[in-house]
Each structure stands twice: as C-alpha cells, then as structure tokens.
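A.B. asks: My structure is below; once you've seen it, I'll send some questions.
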Amino acid sequence: MAALVSDNQPPVIVQLPSISPALALEVLPHGLTINRFLVNGDGRTNDLLVGPFDPIDHEKYRKFLNPIVGRYSNRLPAGDVPFEKDGVSGVVSPISNESPTVSLHGGPVGFDRHIFAPIALTASSLFSAPELRTISDSLPGAQLFSFSSPAGDQGFPGALEVEVLMAGVQPVPLSLPSPLMPNIERVRAIKDIALGSIVLVYRARVKEAEDGKKVVTPVNLTQHWGFNLDASVARAPEGAPDVKDHRLTIQADHILELDSVGLATGNLVPVQGTTHDHRTAGPTMGERWREGGYDSYYLFAPREAQHPIHVPLKDFESQNFISDLIAPLDVAAQGTKKPVTTLSSAKSGVTLDFYTNQPGVQFYTGIGMDGTGTRKPIHGGSVDAKGYDTQSAAFLEFHEPLASWLHSYKTKPGVTDTLLTSEDLYHNWVRVDVTFTQEEHRS
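Just so we're aligned: 149 in the working numbering is position 69 of the sequence shown, and the numbers increase by one with no gaps anywhere.
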C-alpha cells in the first residue's frame, strides 16, 4: 500500500525565488499530486486547482485530482493486446478497472497510487549533464522526482525508470510606461502582467533485458490536473464553483472518435460546427457548453516542429532540451510560437497559456463529480460543506492519443506509436505561462 502524507512524506514546494513569489506549486510525493497551484497577482492568493479539504484525501480516495497518470494515460482495452516495433513483438495486458473491457489511467494501481521520491540533481540518470547544469544554474526552485515501475506492473512489460522535473521560470522584467509617471501609476497602466511559468518535464526509460535484447513497452504519461481560475475569488460555501464563465481555446481541428465504452476507434471527427470547436476564444465555455459536459481527446492542428517525444539514447547526452523550455516569458520573442491551449477568467484576471510537445489534450469537465466529498478551504470548503460538481473544473491532460499503436493516427505529424524501446528516452514536457490582468482592464 502506498504511503500517506502522515508517513513522513511531506509536501514539496516548487516556487520562484522571491520573498513573496507570484507562482508556487505544492507537490505531494504520493502520486506526484500537485495539491496547490498558487498565483498572486495583486496581493491576493488564488489556488487554481480543485482538491479536497484535507490533502490526505488524495490518498484515501482515488479521484484523480491533480496526480500524475501512468504508465498509460486515458483508456486502453483490457486483456492481452499485441504490439510490434523494430522487430520486437510483445503483449501488454492492461487490467480492467473502469469496466470489464476498459483499463483506465494505468490500471487499478497506476502511478497515481505510488510515491514519487524527491531526489537531488546528482542522483538523476534521465537528464543529461548539460540539462542538469541548466537546472542548477537557472532554476533554483526546481525539484526532481523519481519512481521505478517493475516489469509486469499492471500488465505492462519491461522495468521502467521515471523522473519528473517541476520548476518555476521567472518572467522577463516589466516594461513600464513613461518614466515621467509616478511609479504606482506606471504599474497600474500595464494591462497584463507576466507572473512567470511552470514547467513540467517527464522522462522515462525502459531497461533492456538481462540478455541484452531490446525491450518495448507502451508509455503515455500526463498530469491529471483540474483548473478553476475563479474558485478562490468566489469562495461560495453554499454552492460549488464552476468554469462556465471561463474562456477556453484549443488549437485542434479534430477529436478522437470513441466507441460506446470510451475506447478509441481510430477515426477522427472534425470539430467544425460542433460544441467541440474551441479554436476561437470569443464565447465563454458556458455559451457553447456541450450537454453533459466534456470528456474528449483533441488532436492539435499541424504546427511547427517540437522536441521529439522519443529521443535516441545514443544522442541524448549531448542534448539540452531544458534550456529551450525555460527561455524567458516574452511574447515578442515567441514569434510564431503560439499556445496550443489557453484558459482564462475575467473574474480572477488569470490567463494560462499552455505549450507542449504532446500532440493533443484530453479536455474533461469532471463529469463524474457530483458534489460529494469536500473542497479546499480557499474555495469556500469546510469539513462538512458541499464538494465539487460536474463543471467545477477544466481538466487539461496533455498526452498522446489513446492506444496509438493500434490506430492510423500514429502517422499524423508529431504523433508516435507510444511504444518506447530500450534504445530511446521518453521526453514529454508542458509549459504553463501565467498572466494576470489588472481589474480595471478586464472585460
């Protein structure tokens, strides 16, 4: 059984180096759960993630509120599923847990039920020497976490080593209006203030067999985090917060078609003219809400080349992907680099711009959340108050398509077959740029 917070697993704080940081994460080693995503743009603290009143409930109940998901995100067919890559054939045997024919989020005891131990940079084996120097020199608040998944874990072949980097990145200094203005007025004249960025980097390597033969296993990781940018502002004890006043853009032309039990069919469905079309930010989510809510995988439209998801180990030691990911938050310098997903709230003034090398995102609005349980004190919760309802959060889970090796969409640009060999390193990153709009400029 996985250890609890009370079993000497204290939270880890990842924050910008400041006396009063504008951004901070509180991370629980159990399930690598991001318990808090704290933003301070105007002297008031806003926690952007939904979660229970008592953090220990993350461990008592499996509700997928902000943990890592692995070895394989989303849904796979349960039972023996064959695969083949580079002349290596094998079988993965996902264990049913959502229904008799479906394995959800890695099976009954997925990564979210295990401890990801904080480790020193010197203990890392999945980040290159140049990357570790960059982390040490440029990311003083960063933290690495490690977990080992044995061969056969939840039906997946091969022993898998996993490391995850969580870090805060400073914004570029503010470019203030005329120096002739009093300082406080100069600050107020700025509409949008860049608060910084959060960077998550997931690495994995499957060990080769004892006889030296190549090993292949499916790997598809994500963070199952659920955002509500208004919940700390509203703090309404009588009713759960919702996200219908948020604005969302997803740069995706298609969603994956699913069968009656939620498994991917391999077909793509155009979003044009449907409630799944989030390519423009005009309407609020509530104004184009889909009856029943959302739980679909959006495949991003073609975009400029990203870091590869599978990196040959023979080339890895000279690589430094981290330096690219922590470039200063400067809209002018980003040029054609546009976020694949944006979530914003006029009420709180917070905007999140998401960048990633993953080819798509699962957008989920908590369809299974029914008001039971509890919610955070900062969101108006108490021990016996109402919990979160469906539509209380926008879960944005960046990963590859479901069961990619079984379907033709693995041929799409930027999509792999999700089959990791012992000759490659798995490299998955997400960057969240956080902007705060001052109240007098909101609309």
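Beta carbons: idealized from backbone N, C-alpha and C, even for Gly. Since the model is a prediction, treat every value here as computed from it, not as a measurement.
1. Assess, as a yes-or-no matter, whether the region 132 to 147 is touched by the region 298 to 308 under the definition of 3 or more beta carbon pairs within less than 8 Å.
2. Keeping to the same chain, check which residues put their C-beta closer than 6 Å to that of residue 287; ignore five residues upstream and five downstream.
3. Would residue 444 and residue 477 qualify as a contact pair, given that the criterion is a beta-carbon distance under 9 Å?
4. Please say whether residue 429 and residue 121 have beta carbons closer to each other than 9 Å?
5. For residue 458, which residues in the same chain have their Cβ closer than 6 Å to its Cβ, ignoring the five residues on either side in sequence?
6. If contact is defined by three or more beta carbon pairs under 8 Å, each pair taking one atom from either stretch, is the region 270 to 278 in contact with the region 505 to 519?
7. Let me make sure I understand the geometry here. Which of 456, 207, 367 has the alpha-carbon closest to that of residue 402?
8. Short check: CB of residue 469 to CB of residue 314, under 9 Å?
9. For the putative contact between residue 308 and residue 130, defined by C-beta atoms under 8 Å, what is the C-beta separation to the nearest angstrom?
10. Throw me the rounded Cβ distance for the residue 154 and residue 138 pair, which I believe falls under 8 Å.
11. Could you say if the region 320 to 334 and the region 373 to 388 meet the contact criterion of at least three C-beta pairs nearer than 8 Å?
12. Can you tell me where the beta strand (DSSP E) holding residue 164 begins and where it ends?
13. I need the straight-line Cα distance from residue 475 to residue 451, nearest angstrom please.
14. Enumerated in chain order, which unbroken segments of the alpha helix (DSSP H) with a length of 4 residues or greater are wholly contained in the region 284 to 317?
15. Could you tell me how far apart the beta carbons of residue 485 and residue 504 are, in whole angstroms, since I believe they sit closer than 8 Å?
16. To the nearest angstrom, how far is the alpha carbon of residue 424 from that of residue 364?
17. Quick one: what's got a C-beta closer than 7 Å to residue 159's C-beta in the same chain, skipping five residues either side?
18. Pull up the distance between the alpha-carbon of residue 372 and that of residue 355, whole angstroms please.
19. Helix, strand or coil: which one does DSSP assign to residue 383?
20. DSSP on residue 468, reduced to helix/strand/coil?
21. Assuming contact is defined by CB atoms lying nearer than 9 Å, are residue 295 and residue 168 in contact in what I supplied?
22. Going by beta-carbon coordinates alone, are residue 299 and residue 435 separated by less than 9 Å?
23. DSSP on residue 511, reduced to helix/strand/coil?
24. On the CB-based measure, 16 or more other CB atoms within 10 Å of its CB, does residue 463 come out buried or exposed?
C.D. replies: Looking at the coordinates:
1. Yes, since at least three Cβ pairs between the region 298 to 308 and the region 132 to 147 fall closer than 8 Å, the two stretches touch.
2. 239
3. yes
4. With respect to residue 429, residue 121 sits close: the two C-beta atoms are nearer than 9 Å.
5. 127, 312
6. yes
7. Cα-wise, what sits closest to residue 402 is 207.
8. Not closer than 9 Å, so no.
9. 6 Å
10. About 20 Å; that fails the 8 Å criterion.
11. Cβ pair count under 8 Å is three or more, so yes.
12. 161 to 165
13. 17 Å
14. 311 to 314
15. In fact, because the Cβ distance is near 14 Å, the residues do not count as touching under 8 Å.
16. Near 10 Å, if we compare the C-alpha coordinates of residue 364 and residue 424.
17. 173
18. Residue 372 and residue 355: Cα-Cα distance of roughly 11 Å.
19. coil
20. coil
21. Cβ distance < 9 Å, so residue 295 and residue 168 count as in contact.
22. no
23. strand
24. exposed
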